[in-house]
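**Student:**
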């Protein structure tokens with residue numbers, strides 16, 4: 003009977019010893035309570051507690067992803083959009099994360115929803131669609147400040163999707179088409195203006211140099227003759243060859259004679 007009692011005692015002591023030894027990983031911390039009173043933080047590695055008397059709560063210190071549920075937001079110009087986001091955060095103070103808030107993950111998610119709605123509600127639709135990086139930074143800063151008393155560090159906040167109503171999508175498409183048509187008309191008008199300027203410059207040049215104008219007429223006549231399979235001949239072999247300054251009319255230069 004003595005041997006059985008000793009064996010039972012040793013077994014009980016072994017069980018108590020095993021249950022008093024706790025291990026936390028490198029990325030974990032254990033918040034220890036004794037009779038409900040906080041006595042401190044333990045880890046990483048091996049540490050000892052008093053069985054039955056002590057209670058531990060393990061906290062993961064790694065960066066975690068938190069999906070913010072899709073919600074409807076009204077922009078400052080009264081446009082309803084559906085948005086969803088993702089928050090990346092980590093616990094920097096495990097004691098405060100356990101003591102200061104009942105469920106730090108759920109609290110952070112609800113706070114992210116509220117902050118996202120407030121920030122986007124202060125901006126117009128164009129800003130929400132085109133300036134997401136700035137909005138992400140603003141949401142991140144606000145969340146980081148508000149969760150700091152809980153021992154939470156918000157690493158980043160990202161708007162994943164902004165869904166517009168069907169009628170708004172059609173309106174945006176019409177606006178984009180109008181903008182493209184406007185740019186095309188501007189480019190066409192600029193081209194016509196430049197062409198008219200060059201024609202005006204050419205007219206001024208030919209007015210100042212009549213001989214150049216006559217040579218240009220002769221060149222045009224030659225091009226027409228080639229196109230129509232014509233031959234341009236002089237008015238006669240005995241006729242004196244006029245100089246550029248003596249040319250008065252195109253008829254004085256040449257005659258077009260149809261010849262195959």
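Numbering (our numbering), first residue to last: 3 to 262.
C-beta atoms are modelled at their ideal positions from N, C-alpha and C, and glycine is treated no differently.
Is residue 34 close to chain D? Criterion is C-beta to C-beta, closer than 7 Å.
**Tutor:** Looking for chain D here will not work: only one protein chain is present.
**Student:** For residue 8 and residue 19, what's the separation of their Cα atoms in angstroms?
**Tutor:** Locating residue 8 in the chain shown gives position 6, where the first residue counts as 1. Locating residue 19 in the chain shown gives position 17, where the first residue counts as 1. The alpha-carbon atoms of residue 8 and residue 19 are separated by roughly 16 Å.
**Student:** I'd like to know if the stretch 151–161 and the stretch 91–100 are in contact, where contact means that at least 3 CB-CB pairs between them fall below 8 Å.
**Tutor:** At 8 Å Cβ cutoff, the stretches touch.
**Student:** Quick one, which of 84, 187 and 30 has its alpha-carbon nearest residue 99's?
**Tutor:** Here residue 99 refers to the residue found at position 97 when the chain shown is read from its first residue. For the residues 84, 187 and 30, the minimum Cα distance to residue 99 belongs to 30.
**Student:** Quick check on residue 86: does DSSP put it in helix, strand or coil?
**Tutor:** Within the chain shown, residue 86 is the residue found at index 84, counting from 1. Strand at residue 86.
**Student:** Run through the DSSP bridge pairs and tell me what residue 42 is partnered with.
**Tutor:** Here residue 42 is taken as the residue at index 40 of the chain shown, counted from 1. Answer is 34.
**Student:** Roughly how many whole angstroms lie between the Cα atoms of residue 132 and residue 212?
**Tutor:** Taking the chain shown and counting its residues from 1, one reaches residue 132 at position 130. Taking the chain shown and counting its residues from 1, one reaches residue 212 at position 210. Answer to the nearest angstrom: the Cα atoms are 59 Å apart.
**Student:** Restricting to Cα atoms, I'd like to know which of 106, 144, 27 and 21 is closest to residue 56.
**Tutor:** The residue labelled residue 56 in the question sits at position 54 within the chain shown. Nearest option by C-alpha distance: 21.
**Student:** For residue 94, which of helix, strand or coil comes out of DSSP?
**Tutor:** For the purposes of this step, residue 94 is taken as residue 92 along the chain shown, with counting starting at 1. Coil at residue 94, not helix or strand.
**Student:** Can the beta-carbon of residue 163 be found closer than 7 Å to that of residue 156?
**Tutor:** Translated into positions along the chain shown, residue 163 becomes position 161. Translated into positions along the chain shown, residue 156 becomes position 154. It is not a contact, given that the beta carbons lie outside the stated cut-off.
**Student:** Which of the three DSSP states is assigned to residue 76 in this structure?
**Tutor:** On the chain shown, position 74 is the one that residue 76 refers to. It is a strand residue.
**Student:** Relative to the alpha-carbon of residue 123, which residue among 82, 89 and 143 has its alpha-carbon at the smallest distance?
**Tutor:** By 1-based counting over the chain shown, the position of residue 123 is 121. Minimum Cα distance to residue 123 is reached at 82.
**Student:** Quick check on residue 34: buried or exposed, where buried means 16 or more other Cβ atoms within 10 Å of its Cβ?
**Tutor:** Against the chain shown, residue 34 aligns to sequence position 32. Result: buried.
**Student:** Over what stretch of residues does the beta strand (DSSP E) that includes residue 52 continue unbroken?
**Tutor:** In the chain shown, counting from the first residue as 1, residue 52 sits at position 50. Counting along the chain, residue 52 falls outside any beta strand (DSSP E), and DSSP gives it neither H nor E.
**Student:** Would DSSP call residue 266 helix, strand or coil?
**Tutor:** In the structure as shown, the chain starts at 3 and stops at 262, and residue 266 therefore has no counterpart that could be examined.
**Student:** Nearer than 6 Å: is that true of the beta carbon of residue 156 relative to any heavy atom of the ligand NAP?
**Tutor:** As presented, the structure is devoid of all ligands, the ligand NAP included, so that no description of it is given.
**Student:** Determine the direct distance from the alpha carbon of residue 191 to that of residue 199, and round the result to whole angstroms.
**Tutor:** Residue 199 sits at position 197 when you count from the first residue of the chain shown. Residue 191 sits at position 189 when you count from the first residue of the chain shown. Rounded to whole angstroms, residue 199 to residue 191 spans 12 Å at the Cα level.
**Student:** Would you identify the three-state DSSP class for residue 203, choosing helix, strand or coil?
**Tutor:** Counting from one through the chain shown, the residue named residue 203 turns up at place 201. Reduced to three states, the DSSP call for residue 203 is helix.
**Student:** Anyone know if the C-beta pair for residue 140 and residue 77 falls short of 7 Å?
**Tutor:** As a first step, residue 140 must be located in the chain shown, where it is residue number 138. As a first step, residue 77 must be located in the chain shown, where it is residue number 75. No, the Cβ-Cβ distance between residue 140 and residue 77 is not below 7 Å.
**Student:** Excluding the 5 residues flanking residue 51 on each side, which residues of the same chain have their C-beta closer than 7 Å to its C-beta?
**Tutor:** Your numbering for residue 51 matches position 49 in the chain shown. Counting only Cβ-Cβ distances below 7 Å, and skipping sequence neighbours, we find 22, 24, 34 and 58.
**Student:** Apart from the five residues just before and just after residue 128, which ones in its own chain have a Cβ nearer than 8 Å to its Cβ?
**Tutor:** Here residue 128 refers to the residue found at position 126 when the chain shown is read from its first residue. Contacts found: none.
**Student:** What are the boundary residues of the beta strand (DSSP E) that residue 162 is part of?
**Tutor:** The residue you call residue 162 lines up with position 160 of the chain shown. It spans 154–165 - the beta strand (DSSP E) in which residue 162 sits, taken as one unbroken run.
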